[in-house]
Each structure stands twice: as C-alpha cells, then as structure tokens.
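What follows is a set of notes on a single structure, which appears directly below.
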Amino acid sequence: MLFSDFEKITGGFLQSTGDWKVSGFSVDSRSLTGRDDEVFIAIKGPNRDGHDFIQSAWDNGIRNFIVEREVPGIEADFLIVDNSVDALQKIAADHRSRFKSEVIGITGSNGKTTIKEWLSVLLSKKFFIVKSPKSFNSQIGVPLSVLEMNSRHEVGVFEAGISQPGEMIRLEKIIQPTLGIFTSLGVAHEDGFNSEIEKLEEKLNLFLHCEKIVCRKDVHWFSHLARCINEKNLITWSLEGQSKFHVRWTKGKITIDEIEYYTKLSHPAELENITHSIVAAIELGLSRQEIQAGLELIRAVEMRLELKKGINGCYLLDDTYNNDLVGLKTAMNYLDAHRQNQKKTLILSDILHSAQDDHSLYVEVAELIAHKNFDRLIAVGNRISNAKEVFKKNSLFFSSTVELLENMPAFNNEMVLIKGARDYRLERVVTMLEEKTHGTVLEINFESLRHNLNQYRNLLDSTTRLMVMVKANAYGSGILEVANFLQHENVDYLGVAYVDEAILLRNNGIDLPIMIMNPHISSFSQFERYDLQAEIFSFSHLKQFLSDTTTPPGIHLKIDTGMHRLGFSAQEIPELIEHLRTNQEIKVESIFTHFSSSDSPEEDEFTRSQAGTFDKVYNQLSEALGYYPIKHACNSPAMVRWPEYHYEMVRLGIGLHGFDPTNTLSLKPSGQLKSVISQIRLLKKGDTVGYSRKGKLKRNSKIAVLPIGYEDGYLRVFGNGNANVMINGHPCPTVGNICMDMTMVDVTDISAKEGNEAIIFGNTPSIHDLAKAAHTIPYEILTNVSSRVKRVFVSE
Numbered sequence: 151m152l153f154s155d156f157e158k159i160t161g162g163f164l165q166s167t168g169d170w171k172v173s174g175f176s177v178d179s180r181s182l183t184g185r186d187d188e189v190f191i192a193i194k195g196p197n198r199d200g201h202d203f204i205q206s207a208w209d210n211g212i213r214n215f216i217v218e219r220e221v222p223g224i225e226a227d228f229l230i231v232d233n234s235v236d237a238l239q240k241i242a243a244d245h246r247s248r249f250k251s252e253v254i255g256i257t258g259s260n261g262k263t264t265i266k267e268w269l270s271v272l273l274s275k276k277f278f279i280v281k282s283p284k285s286f287n288s289q290i291g292v293p294l295s296v297l298e299m300n301s302r303h304e305v306g307v308f309e310a311g312i313s314q315p316g317e318m319i320r321l322e323k324i325i326q327p328t329l330g331i332f333t334s335l336g337v338a339h340e341d342g343f344n345s346e347i348e349k350l351e352e353k354l355n356l357f358l359h360c361e362k363i364v365c366r367k368d369v370h371w372f373s374h375l376a377r378c379i380n381e382k383n384l385i386t387w388s389l390e391g392q393s394k395f396h397v398r399w400t401k402g403k404i405t406i407d408e409i410e411y412y413t414k415l416s417h418p419a420e421l422e423n424i425t426h427s428i429v430a431a432i433e434l435g436l437s438r439q440e441i442q443a444g445l446e447l448i449r450a451v452e453m454r455l456e457l458k459k460g461i462n463g464c465y466l467l468d469d470t471y472n473n474d475l476v477g478l479k480t481a482m483n484y485l486d487a488h489r490q491n492q493k494k495t496l497i498l499s500d501i502l503h504s505a506q507d508d509h510s511l512y513v514e515v516a517e518l519i520a521h522k523n524f525d526r527l528i529a530v531g532n533r534i535s536n537a538k539e540v541f542k543k544n545s546l547f548f549s550s551t552v553e554l555l556e557n558m559p560a561f562n563n564e565m566v567l568i569k570g571a572r573d574y575r576l577e578r579v580v581t582m583l584e585e586k587t588h589g590t591v592l593e594i595n596f597e598s599l600r601h602n603l604n605q606y607r608n609l610l611d612s613t614t615r616l617m618v619m620v621k622a623n624a625y626g627s628g629i630l631e632v633a634n635f636l637q638h639e640n641v642d643y644l645g646v647a648y649v650d651e652a653i654l655l656r657n658n659g660i661d662l663p664i665m666i667m668n669p670h671i672s673s674f675s676q677f678e679r680y681d682l683q684a685e686i687f688s689f690s691h692l693k694q695f696l697s698d699t700t701t702p703p704g705i706h707l708k709i710d711t712g713m714h715r716l717g718f719s720a721q722e723i724p725e726l727i728e729h730l731r732t733n734q735e736i737k738v739e740s741i742f743t744h745f746s747s748s749d750s751p752e753e754d755e756f757t758r759s760q761a762g763t764f765d766k767v768y769n770q771l772s773e774a775l776g777y778y779p780i781k782h783a784c785n786s787p788a789m790v791r792w793p794e795y796h797y798e799m800v801r802l803g804i805g806l807h808g809f810d811p812t813n814t815l816s817l818k819p820s821g822q823l824k825s826v827i828s829q830i831r832l833l834k835k836g837d838t839v840g841y842s843r844k845g846k847l848k849r850n851s852k853i854a855v856l857p858i859g860y861e862d863g864y865l866r867v868f869g870n871g872n873a874n875v876m877i878n879g880h881p882c883p884t885v886g887n888i889c890m891d892m893t894m895v896d897v898t899d900i901s902a903k904e905g906n907e908a909i910i911f912g913n914t915p916s917i918h919d920l921a922k923a924a925h926t927i928p929y930e931i932l933t934n935v936s937s938r939v940k941r942v943f944v945s946e
C-alpha cells in the first residue's frame, strides 16, 4: 500500500509529503525491524503514550509515522490523524477488502486461540495460510494480524475477542469473515455486559456478512443464537439431536457422519475445539485424508510461548508449535523482552506452506536474524539448507531433526529460540536442552503479570512513578525473569531486600534504579560498584554508609510513622537533619514510609495519622535539604484505597501477582503450581496411606502419588484431606500426611492415569484456598514454593 493512500482512508493529512511502499506496521517501538518502508503508529493508551517513543523509533531507523499530534524536532514523514487506533483499523479494513481470499473469523468465550492454531494446521495441508499470531484478538491485535495478508494467501484465520459492547462491529469491518466459528459462551469478559444474552449478541456481530457459521447445537444458548442468525447460514454439529453433522467421541476417535478421525486428544474441551476445526475444514473442502494428516501433527498442548531454563545456564523459548514468518517476528520480540543472557541462538526448521517463494522467504528471514542480532542460526530442513548462501557464516544446517539430535552443538549461557513446523517435532530438541528436574513446575504467566501491572497503573496519574518489589525471588516467581519483564514494561524502580539480590540483577542486564530495603552494614562497599541505592533507616546505617563509600550513591530515607519495624522516628528528625547538613555529598533520592494497615477499613484513622506524621517529617527534611526528594508511602492495597497518598511514587508488591486485599481490582493469578501423577495404587478398605498411618481408607480406593511435598513448599498442614488438587477438572482430596517429596490424593471417583496433570494451585484451587486451609496469607503460600521447583514462563 502506498502511504499516499492512507490519507484517503483515514481522512488525515501529511505534514511532509512522500509516497512510500509500506512493508509493515508496528505500535511498539521495540518490535520494529528498522526497514525504511516500515510505519510506526503512535497510540495513546491508558498506561502509556506511543508518542513518547517516537524518538526511539526514529533512532531505530523509522522515518514513517502515524500520529495524533505534531512532533517538532524530528525530520520524518508524519500522517496526523484524530485517532491512531481508528486509523490503524481503517487501513487494515481497506487492506482486507483488496483480497478475495476465504477468511475465517473465530469468536466465543473460550478456545479461540486453540481453534485458530489447530484449524490452521489442518488447512495448511491444502492452502497457504495467514493467521493471527499468539492471541492477537483485540482492537489493535486484529488489524495488525489482518495487515499481514498478501495476494498469495488463500485462507486467513483470525480470532476476535471483546470486553465491552460496540467492539465487535469494529472488528467485523476489519476481518470481513466469509466463514465464522462460534466456540462457546462462558464467563470470560462478562464484566462489561449486563447479561449472557447481551454478550452473545455482541459476539455474533462478527458474523453479520458470513456465508457460513460453524457452531455446536447441543448447548443451552443455541436457541438464542439461532434466533439471531439466519438458519440457512448455520453449520451445526452435536453429540445428540438433529444437526448438520452428527458427532461421536470415543477413546482416540472422533466420528463425524460415520467418517472416523483419529486423535490423541481426550479432554472434552479439547475434543470440542478439534471438532469445530474439523467441521470448518470439511466445509472448506478438505478430504478425510488431508484432515487426518493434520490431526497427526496436533498435540494436546496449549498454544503459547514458553520460556524455560535450559542446560549450562541457557534459557529456551519454546515455540515449537508454530512456524510462520509473522510468528517468528513475534517470538523474536518476545525473546528480547525477556532476555536473560546476551548471546542468542535461533533453531529454525523449514517454514512450510509459506505464501512466498523460498528464496525471497529466506532472504527476509536472514535480514530479520541479522537485525535482531542473533549470534547463531541452527537450521533444520532441506529447503532452508538449500538457501544457506543468504545466511551469515555462523550458521549450521541439518537435513532433519534426527541429524541435529545426533550432532547437537554446544550451548552455554545463551538465549535459544526454538521454532519449527510440527512436522519436524522440535520438541525433542527442547527435551534434550531443557534443565532436568522432577515433574512439578511453577508456571508463571507473563500476560497475567502485564494485566495486573496495568490494573495498578490505571490508578495512577501519568506523573506518578512506580517502584515494583522483586524481593524474595519476586515473591517466588523468579527474580531474573520478572525483573526483565518489568524493565521491558518501563517501570521506574525495582525494590529488593538484600544486596545479593541486586547484584544478581546487575550481573544479568538489569539497569533500572534498585533500592535495597534492608542492606546489611557489611554490604555498603558494594553499592558504588553496582550503582545501587540504599534504604537508610538508622544512624548506625548512615554512619557506616558514609564510611564505606567514596562517592555515595543516592539513598532513600525510611521514616517510621507507626509500623515500628524500621525507620527514623519523628523525634529523631532534628538529629537526622544535622547529619545531612554535615554530609552534603549525600543525595537523598526519596523519603518514604510504610502504612501498616492500609487494607483495613477499621484502621483508617491510624492510616490518616501515619500520613499526617509523614507529611510533617517530609516537609522538615525537604526544607533542610533545599530540594524535594521523591515522596512515597503506598503499597499495593494503599494504591487502591488511598489515592490521596500516591504522592510522587508508589510501591507495587504482591498485587503484581494477582492478590488484592481490598477485593477491588480485577486481577489474575500469575502462577500455577502443577505436578503429575507418578503412580496409581489400588488399595482396599482399611488400608492406610503415608507416615504414621494417618490416611486410613474407609472404602476400596484408587490413590495417586504426586512428586511434590513439603520440601517443594506444599505444607504438611494440607495433608489428610485439608486440601484438594485438581485432576482432569475434578477436585481430589489429599490422603494421609504430606511427605517430604510426595503427596497422595484420592482419585477413586474420577478417570485418571499415570502422567495426568495435577493442579496444586492456580484458578482452582487458588492460593487463597490454600492460605485459608493453612490459616495463613497468600504471600506465604506463593513465596514458599521451593527453588528446586522449576519455573516455566508462558505467554498466551
């Protein structure tokens, strides 16, 4: 598309003229490839303003911008529009209208991303496919996805998600689907709607001009859907009753109108999602053989990026379920956002079913690898190997995954992105390079962290700074990974408890200001070397700090206003002022206090008293210093309940991980602790289970053994039925005492087998549930997860 076309589409105007052929669009300056035909769209959102990153984009080589206001001092081509999101959507809608391709639009409450991925696998056996990367289904994600379409794509597969009325009409104009899939109707995003029916009707706006809509008939909301959609357009399937396709699910097999399809999927939700996909594939003309060939490549895994610890200090970004060019760019950007090591290696298979010829495809891949500064390429497949001349010298080529596994090169302290077509089964490479631990993992969801971070940011004025606590291994979630995430999200400060934590961050590329909240006096000699800032809470600390530092780094003065833990009391302020006047080389970065009871309405008068004392002390110190350091007092609950005390900065802690003691915000749990069934034992009534024979069986029972115990952080108090774990969607009570390394649960009443996943905490049971059972607080449950439990970081 020529840039001059944008003016007609958006109604904007050019500040400086130029007709350009555009190669791509970005709304994130960090994801730009630096090509001179790329456009950066500055979007003003609730948490940050894209206009603040125009200079960064310009420094990255971008000269084409869509903006909402004039940008003085930068020589570039600007299209100024009233609303950048509107402009992006209009450009995408115009782009979509230029193609006559079959386009599938997917919506519903659950399963959108999974169906999009699985259906794309099936259709790629016959068509050139373009699809949404990850779960790009928002008002911004959808147009960016659609803009990836080109004339060689035969089918587009795009998902659409909404959170409030009026949004789907906008997405329908962009996707313009010819075939629709309605997945389900559940509780997701229901806060923005008055009723389930209102939500259903809003979602159905995606199908206003669809020729066919695939949906399940034997669901309670179908009758209302049928009243909204012309019946002749409905492609229905069901397990019971009349529908176009009659479906049966049996072990390892899906039968549709007496035609059998074999699958390794078994959970009802998985079977429902794959049935939607098969029915849509049938409607698009795929044969039984083509569909079955695609089913062989589909694994019962969630479609997401996973960051895992690897051998020899490596981190692995597992993206083995997906290998189109758009997904490659997305994964590379994600790797940069969560980079723990400087060296980067890409393991990449042939990109199959691309809408480009091999030469132009791999030239673009090579340019992308070079721009993203990968140190090494390990390529798998004949097609990419045949194009080896376009890649730089530090590249290795293998004809197959087996050949790579037999000749695996060395890896050491690097980031490794593993991305490949399902045909190549690169998950075997992940298995070889992954750090080996037992079957229990703590899964941290970066999208949940981002959601929670933005929930708190929405409470703040644009000038209020944000410090985030990453002490205690980021509340058990992984200090390096969470700190890298926060640095990428442009928070202002990090807070840790001890110097060792801060040095670890500095040695791993974290350059944000770091406040050490409880520095030992023996550690002050490290502060200058690592550019650290100390919380100073006593005269002995202040004296030692001055003694051990030649050019003292900035300090943070802690004022005790009633917590009575650490800090200078109001009575000590005159003496503190004298010390500061005597040692004017000290730079006070901030003055702060800590509310003891900001989440307790019954203690509101005490909180006000603390704030009053703090205001008085702050004014005394600032007047003596002759300048105004950063002033802060609010922790996570105070950020919600006490906006008048946000001051110049706030401190976010447990709220980042999904816990709001005020029950005001809509947060998401960031962590999910998972284990697996090691063994299932068939025991008789009267048998006993575990130490001290505490688990006495009252019936013939089926007992599952899980490789998790109190050494992993699953407390002994959870034993003897005091807690449940979730297996195949069913709560299963513990039996007997919790052991050091193992836990036994009762699976008598459910279908379970060895290797099945067991959810220790997540959505259900939640950390709140376990905290209640243990008569403690969520902080303790989360931080108690042992360091020997592997952390896996995912992005949906």
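Under our numbering, the sequence shown is numbered contiguously, ending at residue 946. Don't be surprised by glycine CBs; every beta carbon is placed ideally from N, CA and C.
Problem - Simplified DSSP assignment, three categories, for Val942 - result: strand
Practice task
Consider the C-beta atom of Ala924 and the heavy atoms of the ligand SAH; say whether any pair is separated by less than 7 Å.
Solution key: Within the structure as shown, the ligand SAH is missing, as the structure has no ligands at all.
Problem - Between the CA atoms of Gln205 and Asn563 - distance to the nearest angstrom - result: 33 Å
Problem - Whole runs of the alpha helix (DSSP H) within the stretch 351 to 411, excluding any shorter than 4 residues - result: Listed in chain order, they are 372 to 378.
Handout entry: Between the CA atoms of Gly435 and Arg489 - distance to the nearest angstrom
Key = Rounded to the nearest angstrom, the two C-alpha atoms are 43 Å apart.
Problem - Cα-Cα separation between Glu298 and Leu771, rounded to whole angstroms - result: Cα to Cα, Glu298 sits roughly 57 Å from Leu771.
Problem - N- and C-terminal bounds of the beta strand (DSSP E) containing Lys835 - result: Segment: none, Lys835 is in no beta strand (DSSP E) and carries neither H nor E.
Exercise for the section: Report buried or exposed for Gln829, applying the criterion of at least 16 other Cβ atoms within 10 angstroms of its Cβ. Expected result: exposed
Problem - Gly306 versus Leu321, Ser270, Gly776, residue with shortest Cα-Cα distance - result: Looking at the Cα atoms, Ser270 is the closest of the given residues.
Exercise for the section: Going by CA-CA distance only, name the one from Ala647, Leu832, Gly863, Ile279 that's closest to Arg849. Expected result: Leu832
Handout entry: Beta-ladder partner(s) of Ser893, from DSSP
Key = Inspection of the sequence shows that residue 893 is occupied by Thr rather than by Ser. Answer is Leu856, bridged to Thr893.
Exercise for the section: Could you tell me if Val885 is buried or exposed, where buried requires 16 or more neighbouring beta carbons within 10 angstroms of its beta carbon? Expected result: buried
Practice task
Please look up how many angstroms separate the CB atoms of Thr914 and Leu856, rounded, as I've assumed it's under 8 Å.
Solution key: A Cβ-Cβ separation of about 17 Å leaves Thr914 out of contact with Leu856 under the 8 Å criterion.
Problem - Three-state secondary structure assigned by DSSP to Val935 - result: In the three-state scheme derived from DSSP, where H, G and I count as helix and E and B as strand, Val935 is classed as coil.
Handout entry: contact_flag[the stretch 625 to 635, the stretch 583 to 601] where n(CB pairs < 8 Å) is 3 or more
Key = yes
Handout entry: Beta-carbon gap between Ala953 and Ala923 smaller than 8 Å
Key = Coverage of the chain is limited to positions 151 through 946, which leaves residue 953 absent and any answer about it impossible.
Handout entry: Assigned secondary structure, Asp236 (DSSP; H/G/I helix, E/B strand, else coil)
Key = helix
Handout entry: Distance, Val364 Cα to Leu389 Cα
Key = Approximately 15 Å between the Cα atoms of the pair.
Problem - Where Arg526 falls: helix, strand or coil (DSSP) - result: strand
Problem - Given Lys494 as reference, the closest of Lys262, Val566, Leu682, Ala505 once Cα atoms are compared - result: Val566
Practice task
Output the distance between the C-alpha atoms of Lys940 and Gly912, rounded to the nearest integer angstrom.
Solution key: 16 Å
Practice task
Rounded to whole angstroms, what's the CA-CA distance from Asp407 to Ser550? Just pull it up for me.
Solution key: 38 Å
Exercise for the section: Give me the Cα-Cα distance between Ile230 and Gly316, rounded to the nearest whole angstrom. Expected result: Spanning the alpha carbons of Ile230 and Gly316 requires a straight line of approximately 25 Å.
Problem - Per-residue burial, Gln605 [other beta carbons within 10 Å of its own, 16 or more giving buried] - result: buried
Exercise for the section: Evaluate the contact criterion for the stretch 400 to 418 versus the stretch 237 to 246: three or more CB pairs, one atom per stretch, below 8 Å. Expected result: no
Handout entry: Cβ-based burial, Tyr574 [other Cβ within 10 Å; buried from 16]
Key = buried
Handout entry: C-alpha distance - Ser393 paired with Leu335, whole-angstrom precision
Key = Answer to the nearest angstrom: the Cα atoms are 19 Å apart.
Handout entry: Endpoints, the alpha helix (DSSP H) within which Lys262 is located
Key = Here the alpha helix (DSSP H) through Lys262 covers 262 to 273.
Exercise for the section: Would you kindly work out how many angstroms separate the C-alpha atoms of Ile325 and Ile534, rounded to a whole number? Expected result: Cα to Cα, Ile325 sits roughly 32 Å from Ile534.
Practice task
List the endpoints of the continuous beta strand (DSSP E) containing Asn595.
Solution key: Per DSSP, the unbroken beta strand (DSSP E) holding Asn595 starts and ends at 591 to 595.
Problem - Residues that DSSP places opposite Pro663 in a beta bridge - result: Beta-bridge partners of Pro663 (DSSP): none assigned.
Practice task
Mark Tyr512 as exposed unless 16 or more other C-beta atoms lie within 10 angstroms of its C-beta, in which case mark it buried.
Solution key: buried
Handout entry: First and last residue of the uninterrupted beta strand (DSSP E) at Tyr465
Key = 465 to 469
Exercise for the section: Count the other C-beta atoms from every protein chain shown that fall within 10 angstroms of the C-beta of Pro418, then say buried if there are 16 or more, exposed otherwise. Expected result: exposed
Exercise for the section: Following the continuous beta strand (DSSP E) through Lys276, name the residue where it begins and the one where it ends. Expected result: From DSSP, Lys276 is part of no beta strand (DSSP E); its letter is neither H nor E.
Practice task
Quick one: measure Cβ to Cβ for Ala310 and Leu356, integer angstroms, because I've assumed they're closer than 8 Å.
Solution key: By a beta-carbon distance limit of 8 Å, Ala310 contacts Leu356. Their separation comes to about 5 Å.
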